[in-house]
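Student: Residue numbers (the numbering used here): 10 to 116. We put the CB at the ideal spot given by N, CA and C, even for glycine. Fair warning: this is a prediction, and the values are worked out from it, not measured in the lab.
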């Protein structure tokens with residue numbers, strides 16, 4: 010499992026950068042193919058604006074490489090386990106994945 014930004018695939022890096030840019034909000038309707046996020050066409054982005062708070066991108070967005078937080082590693086592990094599908098919603102807080110909804114078929 011990847012532990013640094015530089016060890017992620019290009020599509021994973023693009024998703025990570027988008028989460029850092031959003032800072033607070035959510036990503037909706039993210040397709041996943043063979044465990045990889047599909048960013049083309051781009052998923053729907055909903056960004057929250059917090060009054061009296063910093064609303065810009067996370068400072069890490071400008072860094073070429075850094076160690077991945079546990080939440081990011083867990084997100085990519087979940088996408089890999091999913092394989093193929095669509096993630097209805099990934100909630101983002103402080104540029105990190107906070108919660109993800111997954112649609113499943115009842116067995």
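Taking residue 96 and residue 109 to be in contact with their CB atoms under 8 angstroms, please state how far apart those CB atoms are, rounded to whole angstroms.
Tutor: With a Cβ gap of about 6 angstroms, residue 96 and residue 109 count as contacting.
Student: Quick one, are the C-beta atoms of residue 77 and residue 41 less than 8 angstroms apart?
Tutor: No, Cβ-Cβ distance for residue 77 and residue 41 is not below 8 angstroms.
Student: Sorted by chain position, which residues of the same chain lie with C-beta nearer than 8 angstroms to residue 80's C-beta, five sequence neighbours on each side aside?
Tutor: Excluding sequence neighbours, residue 80 sits near 105, 106, 107.
Student: Since residue 29 and residue 69 should fall inside the 8 angstroms C-beta cutoff, what is the C-beta to C-beta distance between them, to a whole number of angstroms?
Tutor: About 5 angstroms; that satisfies the 8 angstroms criterion.
Student: Determine the direct distance from the alpha carbon of residue 31 to that of residue 53, and round the result to whole angstroms.
Tutor: Spanning the two alpha carbons is a distance of roughly 12 angstroms.
Student: Compare the beta carbon distance of residue 74 and residue 15 with 8 angstroms and say whether it is the shorter of the two.
Tutor: Result yes, Cβ atoms of residue 74 and residue 15 sit closer than 8 angstroms.
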